[in-house]
Amino acid sequence: MDDLILAEASAVDDEQGPVLVLDAPALATALADDLSTEGRTVLHRSDLLTDETEVPATADVVDTWSDPRLADVRLVLLRLPANLNALDELAENVAAHCHPDVRVVAGSRVKHMTRGMNEVLAAHFGDVRASLGVRKCRVLHAAAPRPEVREAEPTWPRTAALDEFGLSVVAYGATFAGNRLDLGTRQLLESIIDLRPTAGADRAVDLGCGSGILAATLARNGWRVTGVDTSRAAVGSTAATAAANGVEVAVRRADALADWPEGDLDVVVCNPPFHVGTAKDSAPAFRMIRTAARALRPGGELWCVYNAHLPYLPTLRRDVGPSEIVTRDRSYLVTRSVRAQ
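Heads up, the sequence shown is in our numbering, so the first residue is 21 and it goes up one at a time.
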């Protein structure tokens, strides 16, 4: 797929200004050394920290969409995200902040592409077309940013009222579940809704914090909370949700709790992912459990929610300590694990 994106991009590249690569570390790596010899810069921005750290130092990270270097970008490459909200936010920002002559070259496996992707791009660009499929992959081209998009106020992040729990939820496009309450998080939220700190035991982390619903709830209950996620969108959403609800939550973009001080935390709550992109993969969840165990003090608690068919309970008992099922239904179960001495 990357080869196809690069080939399609070379056909429309006017060889002016920097190239922006979004959520595609291998593409940024492939371009960085080649373009540096031509005096051109590769800029890259990834939602996941793990993707961002794969890109060599010869490419520059774009931390904010207000970065002035974006005004000279005439070519943007990306792998199409399956999440249409994520694509909408990316397309909106590219159309608003890059050069008026910018061209977007976005690819994916055909089996993961939908008509909705074309429609999302067409909301921000006047010219959208699809390439011919090659080796089960295809590229979408977008150009001619719509003037009304360039002149409008940003539409992301977006806010929704979670009246049942008295919360306002704010989310950027790539955030898991957006500003909605997914079923798994609902189960965990209902289980910890009355969880409160005790004297000298008030340090909590929402690991994989997403939109910050759990973090805001814990903070409202009196915990000193940090929201941790590898997703740039998630930590931004958690900070915005905390602000919208008038509570204080620190945020940290990090690879699980690998760098957290050992034995420092009293409570960790976690709704771990079991997908990486479009592929099922429990490795991130197992890493979250292991690093949470290390960060918890003896007697500290890890509260998890996960799909009932996933084999996490033996891992929790082995890596954390005694674990019990707090609640379950046909789809999800919530467990409470106590860090062993």
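C-beta: ideal position from N, C-alpha, C; glycine also.
- Taking only runs that begin and end inside the region 196 to 249, name each unbroken beta strand (DSSP E) of 3 or more residues, in chain order. 223 to 227, 244 to 249
- Query: Out of curiosity, what's the CA-to-CA distance linking ALA106 and THR347?
  - Reply: 32 Å
- Minimum C-alpha distance to SER257 - residue among VAL287, GLY198, THR175, ALA303: GLY198
- Message: By the three-class DSSP mapping on this structure, what secondary structure does TYR332 have?
- Response: helix
- What's the C-alpha gap between ALA263 and ALA91? 30 Å
- Straight-line Cα distance separating PRO292 from PRO304: 8 Å
- Message: Check this for me: beta carbons of VAL169 and ALA116, under 8 Å apart or not?
- Response: yes
- Message: Would you call the region 190 to 205 in contact with the region 247 to 257, where contact means no fewer than 3 C-beta pairs closer than 8 Å?
- Response: yes
- Which one or two residues does DSSP pair with ALA162 in a beta bridge? VAL124, VAL148
- Does the region 230 to 246 come close enough to the region 275 to 293 that 3 or more CB-CB pairs lie under 8 Å? yes
- Message: Give me the residue from THR73, GLY146, ASP226, ARG149 with the minimum Cα distance to GLU321.
- Response: ASP226
- Using the DSSP secondary-structure output, state which residues sit across from SER432 in a beta bridge. The requested residue 432 does not occur in the structure, where the chain is confined to residues 21 to 361.
- Message: For LEU379 and ALA224, I'd like the C-alpha separation in whole angstroms.
- Response: For residue 379 there is no data in the structure shown, the boundaries of the chain being 21 and 361.
- Query: Do you know whose CA, among ALA172, ASN103, ALA236, lies nearest PHE196's CA?
  - Reply: ASN103
- Task: State the DSSP-derived secondary structure class of VAL269, mapped to helix, strand or coil.
- Result: strand
- Return helix, strand or coil for PRO45, following the three-state DSSP convention. helix
- So, helix, strand or coil for GLU321, using DSSP? strand
- What separation, rounded to the nearest whole angstrom, lies between the Cα atoms of TYR326 and GLY228? 13 Å
- Item | Range covered by the alpha helix (DSSP H) that runs through ARG314 | 303 to 315
- Sequence-distant residues of the same chain with beta carbon closer than 6 Å to SER66, five excluded per side: ASP43, GLU72
- Quick one: any contact between the region 179 to 187 and the region 232 to 243, if contact means 3 or more CB pairs under 8 Å? yes
- Query: Rounded to a whole number of angstroms, what is the C-alpha to C-alpha distance between ILE212 and LEU238?
  - Reply: 8 Å
- Task: Buried or exposed for SER351, please, with buried defined as at least 16 other CB atoms from any protein chain shown within 10 angstroms of its CB.
- Result: exposed
- Query: In the DSSP assignment, what residue or residues form a beta bridge with ARG352?
  - Reply: The question names Arg, yet the displayed sequence has Tyr at residue 352. Beta-bridge pairing links TYR352 to ASN327.
- Task: Can you give me the start and stop residues for the alpha helix (DSSP H) that ARG252 sits inside?
- Result: 252 to 264
- Query: What three-state label does DSSP hand VAL288 in the structure shown?
  - Reply: strand
- Message: Using a 10 Å radius around the Cβ and a threshold of 16 neighbouring Cβ atoms, would you call SER86 buried or exposed?
- Response: exposed
- Message: Tell me which residue opens and which closes the alpha helix (DSSP H) that LEU24 is part of.
- Response: 22 to 32
- Query: Given a threshold of 16 other Cβ atoms within 10 Å of its Cβ, counted over all protein chains shown, does ARG99 qualify as buried or as exposed?
  - Reply: buried
- Under the rule that 16 or more other beta-carbon atoms within 10 Å means buried, what is GLN207, buried or exposed? buried
- Message: Can you tell me whether ILE309 is buried or exposed? The criterion is at least 16 other CB atoms within 10 Å of its CB, across all chains shown.
- Response: buried
- Item | VAL93 vs GLY153 beta-carbon contact at 8 Å | no
- Simplified DSSP state of ARG155, which is helix, strand or coil: coil
- Message: Between ALA177 and ALA111, how many whole angstroms is the CB-CB distance? I'm expecting something under 8 Å.
- Response: Just to set this straight, residue 177 is Pro in the shown sequence, not Ala. Between ALA111 and PRO177 the Cβ distance is about 15 Å, and since that is not below 8 Å, they are no contact.
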